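Inspection log for the structure reproduced underneath, given as structure tokens.
Numbering (full-length UniProt numbering), first residue to last: 1 to 212.
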């Protein structure tokens, strides 16, 4: 049995979810609330496995994934998510485990709940693509951070421009320095990274970082 907790501002919407999910096999709504604030005691008492949160309440749900639940980890499913990349990433960073778009059906919601209860991701391809791109961006940023331990701030800045394909002249114009100064920085970057071309420097910058 999957214990659910429903958080939705609109009472009639909240009640409709309780009624609909109450008839779904293997699910039980153990509690509801209009907003995420002050939910600690309720979550400790009811110990839900999955919490459904409407999108306007998402900000208040941040940090709740560490709350006690039936098996030690609360999963959050966000309801009414638009398919814009910014909102999807915000949901992920707030700790969401699942997503139901504004066009999602009750069947989609049930499937999403069942998936997140198994620690699986169930979402439309557009959302999956946005999450994959975000992971790639974070990996690249982490790699540049690792490199930044060996490069000066100016060298790291110039390396970022190099990986974007900018020429020495373009970099000089952006930073208001001479082309000769850029060339000197690029030379130092190549030596520190032990590479000889801009392509090699770019590849080195975005290699997976060493495990720590």
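Just so it is clear, CB atoms sit at the ideal spot from N, CA and C, and this is done for glycine as well. As the structure is a computational prediction, the values presented were derived from the model and not from experiment.
Reduced DSSP category for residue i - H, G, I as helix; E, B as strand; rest coil
i           : result
residue 3   : strand
residue 68  : For residue 68, the predicted model reports a pLDDT of 44, less than 50, meaning its position is unreliable and no value from the coordinates is stated.
residue 32  : strand
residue 10  : coil
residue 97  : strand
residue 173 : helix
residue 108 : helix
residue 198 : helix
residue 15  : helix
Residue range of the unbroken alpha helix (DSSP H) whose run includes residue i
i           : result
residue 223 : Any answer about residue 223 is impossible in this case: the structure gives the chain only from 1 up to 212.
residue 154 : 153-163
residue 193 : 179-193
Cβ neighbours of residue i in the same chain (closer than 7 Å, five flanking residues each side left out)
i           : result
residue 175 : none
residue 56  : 9
residue 198 : 162
residue 21  : 4, 27 and 29
residue 193 : 201 and 204
residue 178 : 172
residue 190 : 196 and 201
residue 155 : 185, 188 and 189
Boundaries of the beta strand (DSSP E) in which residue i is found, first to last residue
i          : result
residue 79 : 75-81
Sequence-distant residues of the same chain with beta carbon closer than 8 Å to residue i, five excluded per side
i           : result
residue 115 : 98, 121 and 122
residue 2   : 26, 27, 28, 49, 50, 113, 114 and 117
residue 81  : 55, 87, 88, 91, 99, 100, 101, 102 and 127
residue 77  : 50, 51, 52, 53, 96, 97, 98, 99, 100, 109, 112, 113 and 116
residue 157 : 175
residue 13  : 54
Residues bridged to residue i (per DSSP)
i          : result
residue 52 : 6 and 77
Own chain residues within Cβ distance below 6 Å of residue i, not counting five before or after
i           : result
residue 7   : 33, 36, 53 and 57
residue 169 : 179
residue 17  : 6
Within-7 Å CB hit, residue i to chain D
i          : result
residue 35 : Any reference to chain D falls outside this structure, which holds one protein chain only.
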